[in-house]
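Input: a single structure, listed below in structure tokens.
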Amino acid sequence: MADWTSLLGSLNSTAIGVFGREVSYVPSSGDAFTIRAIVETAKQTEEIAPGVYAAMFLRSVDLPKPPERGDEVSIDGTLYKVFDIEADGGGGIVLRLRQV
36 MADWTSLLGS LNSTAIGVFG REVSYVPSSG DAFTIRAIVE TAKQTEEIAP
86 GVYAAMFLRS VDLPKPPERG DEVSIDGTLY KVFDIEADGG GGIVLRLRQV
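Going letter by letter, the sequence shown gives residues 36 to 135 in this note's numbering.
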């Protein structure tokens, strides 16, 4: 019988495979690369500039190194910066992004 962590990891992979799309990820140190992630743009409006943030769900194993605040993501030609990182127990990561 599989353990909870492996079941959650399998669920993460399936969800990203079905609902994910390719985005360009630019770490603060290193070269840009394409990654598959579930993206929700215009997630919430903020009262202060820049005004909009998005959320992106991906698998940690798909990154060459852990994400950092300040990394950039290009989604449909719009550039965002990572300002918050939240990991789950199955290898999934939610990045909160502010539009640049």
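The beta carbon of each residue, even a glycine, is placed where N, CA and C say it ideally should be.
Count the other C-beta atoms from every protein chain shown that fall within 10 angstroms of the C-beta of residue i, then say buried if there are 16 or more, exposed otherwise.
i, result
"R94", "buried"
"P68", "Residue 68 is actually Phe in this sequence, not Pro. By the neighbour-count rule (16 or more Cβ atoms within 10 Å), F68 is not buried but exposed."
"V135", "exposed"
"L42", "exposed"
"V108", "buried"
"G55", "buried"
The beta strand (DSSP E) that contains residue i, what's its start and end?
i, result
"A122", "113-122"
Can you tell me where the alpha helix (DSSP H) with residue i in it begins and where it stops?
i, result
"G44", "39-54"
Give the DSSP bridge partners of residue i, in chain order.
i, result
"L130", "M91, I120"
"E103", "Paired residue(s): none; E103 is not in a bridge."
"V108", "Y60, Y115"
"V135", "None; V135 has no bridge partner."
Could you tell me how far apart the beta carbons of residue i and residue j are, in whole angstroms, since I believe they sit closer than 8 Å?
i, j, result
"A72", "F92", "6 Å"
"N47", "G126", "6 Å"
"V74", "D106", "Not a contact, Cβ separation roughly 15 Å."
"R104", "V117", "6 Å"
Spatial neighbours of residue i within its chain, please: CB distance less than 8 Å, with the 5 preceding and 5 following residues excluded, ordered by chain position.
i, result
"K100", "P62, G65"
Cutting at 7 Å between CB atoms, please list the residues of its own chain near residue i, excluding the five before and the five after it.
i, result
"T40", "G124, G125"
"T113", "Q134"
For residue i, which residues in the same chain have their Cβ closer than 6 Å to its Cβ, ignoring the five residues on either side in sequence?
i, result
"D111", "none"
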